[in-house]
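Q: Numbering (this note's numbering), first residue to last: 12 to 828.
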Amino acid sequence: MTNEGRDAYVPAQVEAKWQRLWEERGTNSYTREKLEGAANPFFNLMMFPYPSAEGLHVGNIYAFTGADVHGRYQRMRGHDVFEPIGFDAFGIHSENFALKRGIHPMDLIPSNVKNFTRQLRRTGGMFDWRHIVDTTDPAYYKWTQWVFLQLFKAGLAERKEAPVNWCPSCKTVLANEQVIGGACERCGTPVEQRRIAQWFFTITRYAQRLLDNLATLDWSDSTRKAQENWIGRSEGAELRFPVLDAEGRETGTRIDVFTTRPDTIFGATYMVLSPEHPLVDEVTEEGQRPRVFAYREEAARKDLVARQKMDKTKTGVFTGGYCRNPATGKAIPIWIADYVLMEYGTGAIMAVPGHDERDFEFATAFDLPIVRVVAGEGQTADTPLSEAFSGDGILVNSGDFDGMPWEEGKREITEWLADAGLGESRINYRLHDWCISRQRYWGPPIPIIHCDACGPVAVPEEDLPVVLPRVEDFKPDDSGISPLARVEEWYRTTCPRCGSGARRETDVSDTFLDSGWYFLRYPSTDFEDRAFDQDMTSKWLPVKTYIGGNEHAVLHLMYSRFLTMVLHDLGLLPFEEPFTRFRAHGLITHDGAKMSKSKGNVVIPDPIIEEFGADTFRIYLMFLGPFEEGGDYRDEGIQGPHGFLHRLWDTVLSSADGEPDAAVERKIHRTVKQVTEQLPTLQYNTAVAALMECLNAVRAGGRQAVRAEVEPLVRMVAPFAPHVAEELWERLGNEGSIFHGAEWPSYDEAKTVDETVKVAVQVNGKLRGTVDVAPGSEQEAVVKLAQEEENVARHLEGLTVRKVVFVKDRLVNFVVS
RNA sequence: GCCGGGGUGGCGGAAUGGUAGACGCGGCGGCCUCAAAAGCCGCUGUCCUCACGGGCAUGCGGGUUCGACUCCCGCCCCCGGCACCA
Numbered sequence: 012m013t014n015e016g017r018d019a020y021v022p023a024q025v026e027a028k029w030q031r032l033w034e035e036r037g038t039n040s041y042t043r044e045k046l047e048g049a050a051n052p053f054f055n056l057m058m059f060p061y062p063s064a065e066g067l068h069v070g071n072i073y074a075f076t077g078a079d080v081h082g083r084y085q086r087m088r089g090h091d092v093f094e095p096i097g098f099d100a101f102g103i104h105s106e107n108f109a110l111k112r113g114i115h116p117m118d119l120i121p122s123n124v125k126n127f128t129r130q131l132r133r134t135g136g137m138f139d140w141r142h143i144v145d146t147t148d149p150a151y152y153k154w155t156q157w158v159f160l161q162l163f164k165a166g167l168a169e170r171k172e173a174p175v176n177w178c179p180s181c182k183t184v185l186a187n188e189q190v191i192g193g194a195c196e197r198c199g200t201p202v203e204q205r206r207i208a209q210w211f212f213t214i215t216r217y218a219q220r221l222l223d224n225l226a227t228l229d230w231s232d233s234t235r236k237a238q239e240n241w242i243g244r245s246e247g248a249e250l251r252f253p254v255l256d257a258e259g260r261e262t263g264t265r266i267d268v269f270t271t272r273p274d275t276i277f278g279a280t281y282m283v284l285s286p287e288h289p290l291v292d293e294v295t296e297e298g299q300r301p302r303v304f305a306y307r308e309e310a311a312r313k314d315l316v317a318r319q320k321m322d323k324t325k326t327g328v329f330t331g332g333y334c335r336n337p338a339t340g341k342a343i344p345i346w347i348a349d350y351v352l353m354e355y356g357t358g359a360i361m362a363v364p365g366h367d368e369r370d371f372e373f374a375t376a377f378d379l380p381i382v383r384v385v386a387g388e389g390q391t392a393d394t395p396l397s398e399a400f401s402g403d404g405i406l407v408n409s410g411d412f413d414g415m416p417w418e419e420g421k422r423e424i425t426e427w428l429a430d431a432g433l434g435e436s437r438i439n440y441r442l443h444d445w446c447i448s449r450q451r452y453w454g455p456p457i458p459i460i461h462c463d464a465c466g467p468v469a470v471p472e473e474d475l476p477v478v479l480p481r482v483e484d485f486k487p488d489d490s491g492i493s494p495l496a497r498v499e500e501w502y503r504t505t506c507p508r509c510g511s512g513a514r515r516e517t518d519v520s521d522t523f524l525d526s527g528w529y530f531l532r533y534p535s536t537d538f539e540d541r542a543f544d545q546d547m548t549s550k551w552l553p554v555k556t557y558i559g560g561n562e563h564a565v566l567h568l569m570y571s572r573f574l575t576m577v578l579h580d581l582g583l584l585p586f587e588e589p590f591t592r593f594r595a596h597g598l599i600t601h602d603g604a605k606m607s608k609s610k611g612n613v614v615i616p617d618p619i620i621e622e623f624g625a626d627t628f629r630i631y632l633m634f635l636g637p638f639e640e641g642g643d644y645r646d647e648g649i650q651g652p653h654g655f656l657h658r659l660w661d662t663v664l665s666s667a668d669g670e671p672d673a674a675v676e677r678k679i680h681r682t683v684k685q686v687t688e689q690l691p692t693l694q695y696n697t698a699v700a701a702l703m704e705c706l707n708a709v710r711a712g713g714r715q716a717v718r719a720e721v722e723p724l725v726r727m728v729a730p731f732a733p734h735v736a737e738e739l740w741e742r743l744g745n746e747g748s749i750f751h752g753a754e755w756p757s758y759d760e761a762k763t764v765d766e767t768v769k770v771a772v773q774v775n776g777k778l779r780g781t782v783d784v785a786p787g788s789e790q791e792a793v794v795k796l797a798q799e800e801e802n803v804a805r806h807l808e809g810l811t812v813r814k815v816v817f818v819k820d821r822l823v824n825f826v827v828s
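(1) Counting along the chain, where does the alpha helix (DSSP H) carrying G77 start and finish?
(2) Within its chain, find whatever has a CB closer than 8 Å to the CB of A667; leave out the 5 residues flanking it on each side and keep chain order.
(3) Taking the continuous alpha helix (DSSP H) assigned at M727, which residues delimit it?
(4) Rounding to the nearest angstrom, what Cα-Cα distance links L693 and F638 in this structure?
(5) Just checking, does the segment 47–62 make contact with the segment 82–101 on the three C-beta pairs under 8 Å criterion?
(6) From L690 to N745, what does the alpha carbon distance come to, in whole angstroms?
(7) Using DSSP bridges, identify the partner residues of S520.
(8) Using a Cβ-Cβ cutoff of less than 8 Å, which residues in the same chain neighbour V124 once the five nearest sequence positions on both sides are dropped?
(9) If we ignore side chains and look at the alpha-carbon of each, how far apart do V728 and R514 end up?
(10) Determine the DSSP secondary structure at W551, reduced to helix, strand or coil.
(11) Once DSSP output is grouped into helix, strand and coil, what is the label at W453?
(12) So, at 7 Å on beta carbons, what are the nonlocal neighbours of R572 in its own chain, with the 5 sequence-adjacent residues on each side left out?
(13) Measure the CB-CB distance between L664 and R726 and report whether it falls below 9 Å.
(14) Rounded to a whole number of angstroms, what is the C-alpha to C-alpha distance between D643 and E720?
(15) Can you grab the Cα-Cα spacing for the pair V303 / I447, in whole Å?
(16) What does the alpha-carbon distance come out to for the pair N824 and K762?
(17) If I follow the unbroken alpha helix (DSSP H) through G356, where does it start and stop?
(18) Please state whether DSSP places L822 in a helix, a strand or coil.
(19) What do you reckon, are the CB atoms on R141 and S231 nearer than 9 Å?
(20) Find out if the Cβ-Cβ distance for the pair D349, T326 is shorter than 9 Å.
(21) When the Cα atoms are used, what is the spatial distance from V382 to E297?
(22) Anyone know if the C-beta pair for F731 and V80 falls short of 9 Å?
(23) Find out if the Cβ-Cβ distance for the pair G135, Q30 is shorter than 9 Å.
(24) Out of A429, D274 and P455, state which residue places its alpha-carbon closest to the alpha-carbon of E418.
(25) G560 to L598, Cα distance in whole Å?
(26) Should R484 be labelled buried (16 or more other beta-carbon atoms within 10 Å of its own) or exposed?
(27) What residue from K819, R658, V818 and L807 has the CA that sits closest to V826's CA?
(28) State buried or exposed for K555, treating a residue as buried only when at least 16 other CB atoms are found within 10 Å of its CB.
(29) Which first and last residues belong to the alpha helix (DSSP H) in which I492 is found?
(30) So, for D413: in the same chain, excluding its five sequence neighbours on each side, which residues have a beta-carbon less than 7 Å away from its beta-carbon?
(31) Cβ atoms of F159 and P458: under 9 Å apart, would you say?
(32) Which ranges would you report for the beta strand (DSSP E) in the segment 759–815 if only whole runs of at least 3 residues count?
(33) Using only CA atoms, which one of I620, I347 and A279 lies nearest to P286?
(34) With DSSP run on the structure shown, which of helix, strand or coil describes A6?
(35) For the beta strand (DSSP E) containing F212, list its first residue and its last residue.
(36) How is W241 classed by DSSP in three states: helix, strand or coil?
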């Protein structure tokens, strides 16, 4: 095939042309009227990027392309697809980077955003640039502050003192997930613990609903499971142990413990308090004080994560105090140990060394009594314990409950103790309240005013936004106090309630709050006087498809669900789950390894797009592996999709009028069927392969294609390679954009079937030949043909056919002996 | 330790229990071209055989089945997440 008389495919030209035309014609953007009037709305959301200075990386583009292919496909099916994009630009990463560079974030972020925008446009996503969101724009964070106020007014924002991870080098509070092995994830400095008063959203009140609703969501299983585990519901009982004085009399104080095994209470031979437990002082006997306090101080020096991750060897100190086991009536010693966490349950446990691995280890180390209270099969009350036994069994050494299966004992013992006023059944969650305070500069100020007379008072909504002042020296210092606390002219204000002198809250809020509601803002960015418009919101939300990384499977998605639920309960949203369908994309590796700067294997997209074009790059990314699993980026691999588009270009431009070849036509119908089935389920790699196969069939033997053969191909390629599809569509004589209407091709089921099918012929399960038959041929005819096949006949010679297995259109298997 | 996802040619990866390796990369040979870019044709799991054909092959070991990459049981390894959660 020659190129004579036709211009060659030059991706840069084609792509520049169509990006310009989309822009001019407003192909991908909605006016407010169009948003309001959309007949068939489809909100196609992808996780918005964090605009770092390095620019978009391949991982971003991979995710966005996968989402964009989906959006474009839905559009070609006739949906009004709204595909917005934005920038999640507040937060510690930007701030630290700005500090390192010596550029103010208010200068740095806009230039990053500009660069991201350029790159995003270049990749050919159908983003609606009229509806972008930038979390650092006062016009946006005004409403982030408004969201905070709605929770505050609903009593869901609480100020409480809490231990936090403190990085003495970054001079900042770290989230647990930012602490790796006891050290700051960014600088490696060992992390300490501090106590600071902070704002929390009481997400734990929603734990059960967040858990229950999971069943109703069309989400990746792995994501749902991650959420379930994070919520961590466990059923058990809260039991009360009376504290005893030196003479063995009850002091009136009781220690609450949470346990999932109330059935083992007869085996509780000691009690352990977390070092931070408020009753430590009270129960500690005079002579033990120095040791107990020393231990407590040591524990406080460790960060929260180290506390949990530390060595398996148990440490602890006896307080000298005792409490009464309410089941046995016996006095048991009270210890403190750092393996008991203040954050979980009640911060105190009844230790049952016979049936809990950790307690067993502790009891062994400190020579505390170990009693068996559950006997498994073949065991008795006296079978010695060489390790904690947590299996199934019946209760022993448990007074009246002896002989009872442990599951039943759980209920019975809880009931018994409840009747005695010593406990009740309880459900506990691992989920913690959401700490939204950040003692940093680069975030939206929390809209609260502290008044000596009135306490914390909400900033009146008409005074929003509380603008983050431009402060040249925003570096955090050792005080642990927010940088805004140094800006007196900013924080000095008057109380909105009583008018006396007051101070602004100087903490800013967590970036997860910015991203916890951004999807609500997108359709309503045309409204300046409300966070989200009621009509617009009920028209476009909840989000139809949300695509993003599994690294946000827990926090971002959980917080978004929580905020949506709260806003629903406040009567502000008609739905309580924001994302109908969520799919997590996989991870892109490079030469078999995760990309990282230290390995030097990071793929920079710009030069690739420059050399091969965005269309080729998009197809390659979608082709290199299953979208939900990721794949390996190999530099040479891009040649395949590159050649594919060149061949498509040549084939389309050299196509002639005429009737399609029958066999080719069938191939096309089969391809339309396959691709139509696979695009909605994100099986992009196999869909692309099918398109390649189809083009190969159209071109087989160097034949000239006819237009009816290439046209469906151009349409099917469009979601993957939108620019070249537009160009070819135009050159085929069509007016306007290929994405303008419902241009997705349809197929005829009857034409997906070939004239003949190859049937495999096996002898004893081994392939010995194939025969061509008409589809749907019956057993008798096929078997006859099969027996005549030369090679098959040889393998059957002299043998008795005992059985014939026949699968229509697939195979014949002769079972012989 | 727990939860999730994986292990298939030189490589990325395909395969409703029914011809394992689609599609693509890379490699080898050839064509077109002054040349390059793009393109075209053929071969390419492995071993035996000049060939026809045959043996062996989907992490390892068993099992179910006429037939297993696919289902069941028991292991090993890799990736991601969580981790003293009482």
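We treat Cβ as the ideally placed atom computed from N, Cα and C, and that holds for glycine. This one's a predicted model, so the numbers in the text were calculated from it and none came from an experiment.
A: From the atom records:
(1) Counted as a single uninterrupted DSSP element, the alpha helix (DSSP H) harbouring G77 occupies residues V69 to M87.
(2) Here the set comprises Q715, A716, V717 and R718.
(3) R718 to V728 is the span of the alpha helix (DSSP H), which, as asked, contains M727.
(4) In a straight line, the C-alpha of L693 is about 6 Å away from that of F638.
(5) For the pair of segments examined, the segment 47–62 was found to touch the segment 82–101: the number of CB pairs separated by less than 8 Å reaches three.
(6) Rounded to the nearest whole angstrom, the CA to CA distance from L690 to N745 is 24 Å.
(7) For S520, which the question treats as bridged, DSSP gives the partners S448.
(8) Excluding residues within five positions, the ones whose Cβ falls inside 8 Å are P62, F98, A100 and D145.
(9) Each residue's Cα considered, the two are about 59 Å apart.
(10) Reduced to three states, the DSSP call for W551 is helix.
(11) Looking at W453 - three-state DSSP - the assignment turns out to be coil, as it is neither helix nor strand.
(12) The answer, listed in chain order, is L221, E588 and P589.
(13) Cβ distance not < 9 Å, so L664 and R726 don't count as in contact.
(14) Approximately 33 Å between the Cα atoms of the pair.
(15) Between V303 and I447, the C-alpha separation is close to 33 Å.
(16) So the two alpha carbons sit approximately 29 Å from each other.
(17) Where G356 is concerned, there is no enclosing alpha helix (DSSP H), because DSSP gives it neither an H nor an E.
(18) In the structure shown, the three-state DSSP call for L822 is strand.
(19) In this structure, S231 does not lie closer than 9 Å to R141 by Cβ.
(20) The answer is yes: Cβ separation under 9 Å.
(21) Each residue's Cα considered, the two are about 29 Å apart.
(22) Yes. Within cutoff.
(23) Yes, Cβ-Cβ distance for G135 and Q30 is below 9 Å.
(24) For the residues A429, D274 and P455, the minimum Cα distance to E418 belongs to D274.
(25) Rounded to the nearest angstrom, the two C-alpha atoms are 8 Å apart.
(26) Looking at the sequence provided, one finds Asp at residue 484 rather than Arg. With fewer than 16 other Cβ atoms within 10 Å, it is exposed.
(27) The shortest Cα separation from V826 among K819, R658, V818 and L807 belongs to L807.
(28) That one is buried.
(29) No alpha helix (DSSP H) contains I492, which DSSP labels as neither H nor E.
(30) So the qualifying residues of the chain are L406 and V407.
(31) Cβ atoms of P458 and F159: closer than 9 Å.
(32) Qualifying beta strand (DSSP E) stretches, in chain order: 768–774 and 777–784.
(33) If we check each option's Cα against that of P286, I347 comes out closest.
(34) Nothing in the structure corresponds to residue 6, since the chain is present only between 12 and 828.
(35) Note, F212: beta strand (DSSP E), E203 to F212.
(36) In this structure, W241 counts as helix in the three-state DSSP scheme.
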